[in-house]
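2 protein chains.
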Amino acid sequence: MDVDTRVLRYFVVVAENLSFTQAAKQLYVAQPSLSRQIRQLETRLGTDLFTRTGSAIELTSAGKALLEAARRQLADWQHTVRLTRTAAAAEGNVLRVGFVATGGGSLARQARATFTERYPDASIDPKRFDWGGEAQALRDGLADIAFVWLPADLTGLRSEIVAAEQRWVAMRTSHHLAGQEKVSIDDLRDEPLMWTRVAPAEWVDWWAVNPRPDGSAPVWGRENANVEEMLEHVATTSGVCIGPESMAGYYTHPDLTWRPLVDVEPLRIALAWPKDTANPLVGRFVEIVRATR
Amino acid sequence: MDVDTRVLRYFVVVAENLSFTQAAKQLYVAQPSLSRQIRQLETRLGTDLFTRTGSAIELTSAGKALLEAARRQLADWQHTVRLTRTAAAAEGNVLRVGFVATGGGSLARQARATFTERYPDASIDPKRFDWGGEAQALRDGLADIAFVWLPADLTGLRSEIVAAEQRWVAMRTSHHLAGQEKVSIDDLRDEPLMWTRVAPAEWVDWWAVNPRPDGSAPVWGRENANVEEMLEHVATTSGVCIGPESMAGYYTHPDLTWRPLVDVEPLRIALAWPKDTANPLVGRFVEIVRATR
DNA sequence: GACGTCCATGCCTGAAACGTATGGGCGCGG
DNA sequence: CCGCGCCCATACGTTTCAGGCATGGACGTC
């Protein structure tokens, strides 16, 4: 009997919520579609997975058995995808280094230089991801190792903090704060702040310093998925954005002015990689970053 | 990334044959469809699984990694399906006993009587399968235990031989061999013999006594999937069929005559069940069959 | 008894898998 | 050297199915 992992995901979410309606919202599908998928799964298995007593639903013993197994099955498949993707890179003696925007900054560049010098047969393949995407990329096998901006979900990964950077603020050059030499978080009280829906809420709040020291909430500006989109918004609207110091150096722009944000904690940058990796270059890169730091 | 187990099966067969064309024949799909499925899998993984050099194809290292994992994944899923289906039966205190045609014969009937007497809260659910389907039914979780006719593929199953039966021949009452009291395998040299494509070739050959003692091959008659279809053919054509002695007693028919087949080895019947079963009734049934034998 | 909540069903649409037909590259033998 | 066969890729039409929307029916609550 064949099955799609999508159906298994559906089943797990329904079983965890014990509600088709709630699960449908969580999965961004319509409730009837979900009902039909689960019903079809039951038909093909030849046994009911839920008891439907009018409004509420409950797991049958078959459903309980499948829930446990489906979770394992999904985790195994994710693992398989990662190993398969990694195998190709390892074969080609390539190390895919994931990062966001400026990633690990100058530390990353130095480490790369040392790496290419010490291992001339190997090559580094930098992979840029959208906000908050580096950690998931490691789990999905789209990168072998990554410079991860904290906070981040590091489940299933090994990691160590390798750098920290002061946070700076970017604004239009004509912005009234551009005249100051440095900016306080309190100065940003009424400034629309760029944000994203592609990263977890925790990530967004950390960058936005939400809540502010005085307990207030930021004013939210335009939504974006990555650094280019963000800076495009900053250069063309009245909003501002916060980024690490290296961003001020790497993303210069005539219409853009960067100023240090003095009274917030700095960005911590971790080097992270999957607990089980088939790429032997990962360990070597970690060594070099450790020595470079 | 989602995937259907069907695609994984496709990939495994292609990888084992190292040929899209051969794999397509084996999977009963057209070759272009197979090519597309694999190509899509590669696209979604973001890495090639085969190197296509004109005619021949070869596994990449990513392909090798996936092959191993996909085999495991498919085995795990089959296992999951079995456990899920079994859970429902175990919950209902039901033991699904698989068999083919007359299955375990009188031994099975006696064992069932003893079982229902000793465990009045439990119930036995007899499940009839087509030729050669009992063993696969155990692996698929469609039965908890089965009387399996040998030869059969018992991979993944525990089993013990519990009975043997003389083989008999059935023919139309007007058939010229119906006059004899017993039949020799040599008498069947020119008689069209019923056969099936739903069971493995090894199974069919064993029943047909192929090759015959004199080295010849049987004359093949009508194809069928189970005992009713087979006997329908025998009663209405000039062909004959071979079955165990109990079949002569359980499937009587005015147009049908059964005669013992004297010079062939008897049918051996095994009691078989999955190595890991969640149904506690399995062990009890095994005990009873052992004591009954 | 009216209303809200939740799951099931009917109908339509769009995507994707499948089959048939065909094209292109490669090797082999005449 | 050319034709032929083998094998994989591509093109196109068809069918199947997942998904969305609208709606019905059962149950609980106020």
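Just so you know, the protein sequences line up as chains A and B, in that order. All residue numbers for the first sequence refer to the UniProt record's numbering, where the first residue is 1 and numbers rise by one. All residue numbers for the second sequence refer to the UniProt record's numbering, where the first residue is 1 and numbers rise by one. Beta carbons: idealized from backbone N, C-alpha and C, even for Gly. All of these numbers come straight from a predicted model, not from anything done at the bench.
| Asked | Found |
| --- | --- |
| Buried/exposed call for His175 of chain A, threshold 16 Cβ in 10 Å | buried |
| Classification of Thr292 of chain A by the beta-carbon crowding that lies within 10 angstroms, buried from 16 upward | buried |
| Coil, strand or helix - Leu59 of chain B by DSSP | strand |
| Bridge partners - Ala170 of chain B, DSSP secondary structure assignment | B:Cys241, B:Trp258 |
| Reduced DSSP category for Asp4 of chain A - H, G, I as helix; E, B as strand; rest coil | strand |
| Whether Leu271 of chain A touches Val162 of chain A by CB criterion (8 Å) | yes |
| Nearest-angstrom Cα separation, counted from Trp220 of chain A out to Leu231 of chain A | 15 Å |
| Residue range of the unbroken alpha helix (DSSP H) whose run includes Ser33 of chain B | 31-45 |
| Status (buried if at least 16 other CB within 10 Å, exposed otherwise) for Ala30 of chain B | exposed |
| Closer than 8 Å at the beta carbon, the chain B residues around Met194 of chain A | Result: empty, since nearest Cβ-Cβ is about 30 Å, beyond 8 Å. |
| Environment of Thr173 of chain A [buried if 16+ CB atoms lie within 10 Å] | exposed |
| Thr102 of chain B in three-state terms, based on DSSP | coil |
| Neighbourhood of Glu42 of chain A by C-beta, 7 Å cutoff - its chain only, sequence neighbours within 5 removed | Asp48, Leu49 |
| Extent of the continuous alpha helix (DSSP H) to which Ile288 of chain A belongs | 281-292 |
| Cβ contact (3+ pairs, closer than 8 Å) linking the segment 180-192 of chain A and the segment 207-226 of chain A | yes |
| Cutoff 6 Å; reference Gly141 of chain B; Cβ partners in own chain excluding five residues on either side | Val81, Arg82, Arg85, Thr86 |
| Whole-Å CB distance - Trp273 of chain B paired with Arg158 of chain B, under 8 Å assumed | 6 Å |
| Same chain only: Cβ atoms within 6 Å of Gly105 of chain B, ignoring 5 sequence neighbours per side | Ser246 |
| Cβ-based neighbour list, Gly35 of chain A, same chain, cut-off 7 Å, excluding 5 preceding and 5 following | The residue asked about is misnamed: residue 35 of chain A is Ser in this sequence, not Gly. Hits under 7 Å: Phe20. |
| Residue-level contact to chain A via CB, Asp4 of chain B, 8 Å cutoff | yes |
| Neighbour flag for Glu91 of chain A against chain B, beta carbons, 8 Å | yes |
| Check whether residue 295 of chain A and Val198 of chain A have beta carbons under 8 Å apart | Within the shown structure, residues of chain A are numbered from 1 to 293, placing residue 295 of chain A beyond reach of any answer. |
| C-alpha distance - Ala108 of chain B paired with Leu261 of chain B, whole-angstrom precision | 23 Å |
| Presumed contact (8 Å Cβ cut-off) between Arg6 of chain B and Asp2 of chain A, rounded CB distance | 4 Å |
| Beta-carbon gap between Trp77 of chain B and Gln73 of chain A smaller than 8 Å | yes |
| Cutoff 7 Å; reference Leu8 of chain A; Cβ partners in own chain excluding five residues on either side | Ala70, Gln73, Leu74 |
| Residue of A:Asp276, A:Leu67, A:Pro126 minimising C-alpha distance to Val12 of chain A | A:Leu67 |
| Reduced DSSP category for Asp125 of chain A - H, G, I as helix; E, B as strand; rest coil | strand |
| Sequence-distant residues of the same chain with beta carbon closer than 8 Å to Val240 of chain A, five excluded per side | Val169, Ala170, Met171, His175, Leu177, Leu188, Glu191, Pro192, Leu193, Met194, Gly221, Val234 |
| Chain-ordered neighbours of Asp76 of chain A on chain B, where CB pairs are closer than 9 Å | Ala69, Arg72, Gln73, Asp76 |
| Exposed unless 16 or more other CB atoms sit within 10 angstroms - verdict on Ala65 of chain A | buried |
| Through-space distance from Pro32 of chain A to Lys25 of chain A, alpha-carbon basis | 12 Å |
| DSSP state of Ser19 of chain A mapped onto helix, strand, coil | coil |
| Alpha-carbon to alpha-carbon, Phe285 of chain A and Ala143 of chain B | 53 Å |
| Met247 of chain A: contacting residues in chain B (beta-carbon distance under 8 Å) | Within chain B, no residue comes near Met247 of chain A; the closest Cβ sits about 28 Å away, beyond 8 Å. |
| Neighbourhood of Glu202 of chain A by C-beta, 7 Å cutoff - its chain only, sequence neighbours within 5 removed | Pro151 |
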